[in-house]
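To keep things clear, I will list the structure first and then write my remarks on it.
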Amino acid sequence: MERSLSELEFEVDGQGLAKSYGALKAVDGVDLRLRRGGCFGILGPNGAGKTTTIKMLCGTVIPDAGFLRAFGLDVATEGRRVRERMGIVPQESTLDTDLTVYENLWVYAGYFGLSRRESLPRIEELLQFFHLREKWGSTIRTLSGGMKRRLLVARALIHRPRLLILDEPTTGLDPQARHLVWNRLRELRRQGLSILLTTHYMEEAAQLCDRVGVMDEGKFLVEGAPLDLVRERVGEEVIELRGSEADSLLRELDGLPFHPERVGDTLYLYCQRGSPVMDRLLQSGRRDFLRRPATLEDLFLRLTGRELRE
Amino acid sequence: MSEFLQHAPSHRAVRVWVRHLVMYRTWFVAEWAGSLTEHALYLLAFGYGLGHFVPDMGGMPYAQFIGPGLVVSIAMWSASYEATYGAYSRMRIQHTYEGMLSAPLTVGDVVLGDLLWCASRSLIGAVLMLIVLTAFGLVGSPWAVAVLPVVFIEGLMFAGLGLIATAIAPSYAFFNFHNSLIVMPMFFFAETFFPLQGLPPWMQAVSQAMPLTHAVVLSRGLIVHGQAPDAAWHLLMLSAFTLAFLAVACGLVGRRMLD
Ligand SMILES: Nc1ncnc2c1ncn2[C@@H]1O[C@H](COP(=O)(O)OP(=O)(O)OP(=O)(O)O)[C@@H](O)[C@H]1O
Ligand SMILES: [Mg+2]
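Sequence order for the protein chains is A and B. With this note's numbering as the guide, the letters of the first sequence map in order to residues 1394 to 1703. With this note's numbering as the guide, the letters of the second sequence map in order to residues 62 to 320.
See the structure below:
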């Protein structure tokens, strides 16, 4: 049974958030909700307004309209207390490039009022957790891009936040490092951490998030549990055909339950599992197709279009 | 009101200062090797070289006349440099400020930390220059150390002025204007190298309007005689300039850092 949700069950509760830059509506009426212990993923093409939305929580972007609370505190008036409880991984590195890994961490711990004695063991632990032990004395300039990303995540956790905010946490990471970060984030979630992230990797959202929202032009187009959204909006399976005579094929399949989409030389047929479309294709002797489960990526492309954004 | 207080500074500004100190250890030797050498050269070339041909100035040997001016000048350059190139890099290039603001620091903490840091650098420069003057036997009184609080206020003042430039600068190149139109004229005309008496009235007026002049007069009095004429007046003027610059700087930097 669905319990009624009191305000305090939300770590983040934003309503009607808006931000314009001149004539451009970067964020245009967004409701942002994250349940305690949950993981919410904001998906969206470049320029959708993801970073701007996140910066509202950090207090560096002041919304033109709307209301934003975190942990029951008003972000507009209690920003410092809000930031004491959350860790932020920005899209672009804000590490101190001339300092070492270790110095970066303890200087940052100082911003939270942690003494050296408190932060030392925590730094050890985090460097271990993110496989950065050997790098503790290296200056940031000498780190690879992936190491910097991992260090940013480690830094955001220095004060044991309740909520972790990640703006594209794994962009530029190799597959091993990406899986390491995903593993770590899942482990932290099991310990009760709430997570808000943005990503361009649908697999990341599928792996980590219990809810996602697809944002475009400053608005959420849909929001919900990833699997439900895919099933409702796309279907369960996708059949991809390449280079086929699309029109004649569609005529052949006329009357069957599916939704076609043509992009370049590829025809996508979205349908439910066990759909007769498959049988019909096999009967007609076709073998040049790919059948796969529908994913968040299909949902994303269906909603935001397949063309490149400016 | 509470939204305004959001940005107020707190004791956490000290953590910003600590960050700058940690950063500083990577290049302070190079900095002072340059800056101190430069000012020691001014002392040698003007104070002793030119001073050889110049009779006593203001009732003292020329080297002794310009020495105290160089103490506050090194402090001015140091704070200005840090508040322009240093702060600009933190604000626009390395996103250091953004990192601080994503922690529980406020714009007030960041600005105050920067101001304190600039003033600290001024102090370091002034102390080093005082040591040089002592070595040349140009310090006339142990009360010379009283110049240090003056230097601290002066450092805050030029930090504020520099941060104003930083907040409106579209790029590093802008600081050429700041240096050659604001800092450099003070370096030459704020009673650093010659006294005002007998100069054309317009030049006296310009010089009097320069904030550095008040620091130079205080510095010369304290270092040479252990006391400064009209000290209260000069301190008041110095403080007034400082407060004015700080107020403008805080407003502009806040606007630049928050969208
Ligand atoms: N400070 C700013 N001044 C002017 N326009 C801005 C500013 N910040 C963001 N924008 C604009 O607002 C829109 C949303 O930007 P935002 O950074 O939130 O997008 P995003 O969803 O994070 O994109 P990406 O996936 O590329 O990171 C963009 O059109 C961007 O150009
Ligand atoms: Mg972004």
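Built from N, CA and C at the ideal position, the CB exists for glycine as well.
Using a threshold of 7 Å, is the CB atom of residue i nearer than that to any non-hydrogen atom of ligand 1?
{"i": "Leu1417 (chain A)", "result": "yes"}
{"i": "Ala1458 (chain A)", "result": "no"}
{"i": "Thr1535 (chain A)", "result": "no"}
{"i": "Thr1445 (chain A)", "result": "yes"}
{"i": "Asp1421 (chain A)", "result": "no"}
{"i": "Gly1437 (chain A)", "result": "yes"}
{"i": "Ala1441 (chain A)", "result": "yes"}
{"i": "Asp1609 (chain A)", "result": "no"}
{"i": "Tyr1414 (chain A)", "result": "yes"}
{"i": "Asp1691 (chain A)", "result": "no"}
{"i": "Asp320 (chain B)", "result": "yes"}
Check whether the Cβ of residue i sits closer than 7 Å to any heavy atom of ligand 2, and report yes or no.
{"i": "Lys1448 (chain A)", "result": "no"}
{"i": "Asp1560 (chain A)", "result": "yes"}
{"i": "Thr1487 (chain A)", "result": "no"}
{"i": "Thr1591 (chain A)", "result": "yes"}
{"i": "Gln1665 (chain A)", "result": "no"}
{"i": "Gln1484 (chain A)", "result": "yes"}
Excluding sequence positions up to five away, which residues of its chain have a Cβ less than 6 Å from the Cβ of residue i?
{"i": "Leu307 (chain B)", "result": "Gly221"}
{"i": "Glu1395 (chain A)", "result": "Below a pLDDT of 50, predicted positions are generally treated as unreliable, and Glu1395 (chain A), at 43, falls in that range; the measurement from the model is reported next regardless. Cβ neighbours of Glu1395 (chain A) beyond the five flanking positions: none."}
{"i": "Thr1490 (chain A)", "result": "Ile1533 and Arg1534"}
{"i": "Arg80 (chain B)", "result": "none"}
{"i": "Gln265 (chain B)", "result": "Leu257"}
{"i": "Gly1606 (chain A)", "result": "Ile1435, Phe1613 and Glu1616"}
{"i": "Val267 (chain B)", "result": "none"}
{"i": "Asp1640 (chain A)", "result": "none"}
{"i": "Val296 (chain B)", "result": "Note on identity: in this sequence residue 296 (chain B) is Leu, with Val being the wrong assignment. Result list for Leu296 (chain B): empty, nothing under 6 Å."}
{"i": "Leu176 (chain B)", "result": "Leu217 and Ala220"}
{"i": "Arg1626 (chain A)", "result": "Leu1692"}
{"i": "Ala1547 (chain A)", "result": "Leu1519 and Phe1523"}
{"i": "Phe243 (chain B)", "result": "Checking the displayed sequence, the identity of residue 243 (chain B) turns out to be Ile instead of Phe. Result list for Ile243 (chain B): empty, nothing under 6 Å."}
{"i": "Ser141 (chain B)", "result": "Phe219, Gly223 and Val244"}
Could you tell me how far apart the beta carbons of residue i and residue j are, in whole angstroms, since I believe they sit closer than 8 Å?
{"i": "Pro122 (chain B)", "j": "Gly110 (chain B)", "result": "That pair is no contact at about 13 Å."}
{"i": "Arg1543 (chain A)", "j": "Leu1525 (chain A)", "result": "6 Å"}
{"i": "Leu1375 (chain A)", "j": "Ser1587 (chain A)", "result": "The question about residue 1375 (chain A) has no answer here: the residues shown for chain A are numbered 1394 through 1703."}
{"i": "His239 (chain B)", "j": "Thr303 (chain B)", "result": "No, His239 (chain B) and Thr303 (chain B) are not in contact; Cβ-Cβ is about 17 Å, not under 8 Å."}
{"i": "Asp170 (chain B)", "j": "Arg73 (chain B)", "result": "5 Å"}
{"i": "Leu1662 (chain A)", "j": "Val1670 (chain A)", "result": "6 Å"}
{"i": "Ser71 (chain B)", "j": "Gly186 (chain B)", "result": "Their Cβ separation, rounded to whole angstroms, is 28 Å, which puts Ser71 (chain B) and Gly186 (chain B) out of contact at 8 Å."}
{"i": "Gly1459 (chain A)", "j": "Gly1409 (chain A)", "result": "4 Å"}
{"i": "Phe1523 (chain A)", "j": "Arg1577 (chain A)", "result": "7 Å"}
{"i": "Val1468 (chain A)", "j": "Leu1461 (chain A)", "result": "4 Å"}
{"i": "Ala205 (chain B)", "j": "Ile284 (chain B)", "result": "4 Å"}
{"i": "Cys1451 (chain A)", "j": "Leu162 (chain B)", "result": "7 Å"}
Considering only residues of the same chain and omitting the five flanking positions on each side of residue i, which have a CB-CB separation below 7 Å?
{"i": "Lys1528 (chain A)", "result": "Val1494, Leu1536 and Met1540"}
{"i": "Thr253 (chain B)", "result": "Ile127, Gly130, Ser134 and Val277"}
{"i": "Leu1488 (chain A)", "result": "Asn1497, Ile1533, Lys1541, Leu1544 and Leu1545"}
{"i": "Leu1466 (chain A)", "result": "Arg1474 and Val1475"}
Looking only at its own chain, which residues have a Cβ that is under 8 Å from the Cβ of residue i, when we skip the five neighbours before and after it?
{"i": "Glu1638 (chain A)", "result": "none"}
{"i": "Ser1397 (chain A)", "result": "Confidence is the limiting factor: at Ser1397 (chain A) the pLDDT is only 45, short of 50, which leaves the residue's position unreliable and the question unanswerable from this model."}
{"i": "Pro165 (chain B)", "result": "Arg73"}
Under 9 Å between beta-carbons, which chain D residues line up against residue i? List them in chain order, please.
{"i": "Gly1452 (chain A)", "result": "The structure shown has no chain D; the protein chains it does contain are A and B."}
*asked:* For a minimum of 3 consecutive residues, which ranges assigned as the beta strand (DSSP E) are wholly contained in the stretch 105-146 of chain B?
replied: Qualifying beta strand (DSSP E) stretches: none in this window.
*asked:* Please give the ranges of any beta strand (DSSP E) in the stretch 1452-1540 of chain A, keeping only runs that are unbroken, at least 3 residues long and fully inside the region.
replied: Runs found: 1458-1463 and 1479-1482.
*Run through the stretch 1628-1668 of chain A for me and flag every whole alpha helix (DSSP H) of 4 or more residues, listed as ranges in chain order.*
DSSP assignment within the stretch 1628-1668 of chain A yields the following whole alpha helix (DSSP H) runs of 4 residues or more, N-terminal first: 1639-1645.
*Just checking, does the stretch 1502-1511 of chain A make contact with the stretch 1480-1490 of chain A on the three C-beta pairs under 8 Å criterion?*
Segments in contact, no.
_Counting beta carbon pairs with one atom in the stretch 260-268 of chain B and one in the stretch 204-222 of chain B, are three or more of them shorter than 8 Å?_
The stretch 260-268 of chain B and the stretch 204-222 of chain B do not touch, with fewer than three beta-carbon pairs separated by less than 8 Å.
_the stretch 263-281 of chain B / the stretch 123-135 of chain B touching (three or more Cβ pairs under 8 Å)_ = In this structure the stretch 263-281 of chain B touches the stretch 123-135 of chain B; the number of beta carbon pairs closer than 8 Å is three or more.
_contact_flag[the stretch 1406-1418 of chain A, the stretch 1437-1449 of chain A] where n(CB pairs < 8 Å) is 3 or more_ = Because the criterion of three Cβ pairs below 8 Å is met, the stretch 1406-1418 of chain A and the stretch 1437-1449 of chain A touch.
*In the stretch 260-314 of chain B, which residue ranges form an unbroken alpha helix (DSSP H) of at least 4 residues, counting only runs that do not cross its ends?*
Taking only runs of at least 4 residues, the alpha helix (DSSP H) segments lying wholly in the stretch 260-314 of chain B are 262-270 and 272-281.
*Touching or not, the stretch 1628-1635 of chain A and the stretch 1672-1689 of chain A, by the rule of three or more beta carbon pairs under 8 Å?*
Contact check between the stretch 1628-1635 of chain A and the stretch 1672-1689 of chain A: three or more CB pairs, one atom from each, fall below 8 Å, which counts as touching.
_Complete beta strand (DSSP E) runs within the stretch 1573-1618 of chain A (minimum length 3 residues, chain order)_ = Taken in chain order, the whole beta strand (DSSP E) runs of length 3 or more contained in the stretch 1573-1618 of chain A are 1587-1592, 1604-1609 and 1612-1617.
_Check whether the stretch 181-201 of chain B and the stretch 153-160 of chain B are in contact - that is, three or more C-beta pairs closer than 8 Å._
Counting Cβ pairs under 8 Å, fewer than three are found: no touch.
*asked:* My parser needs the alpha helix (DSSP H) runs of 4 or more residues fully inside the stretch 161-234 of chain B; what are they?
replied: Runs found: 168-196 and 208-229.
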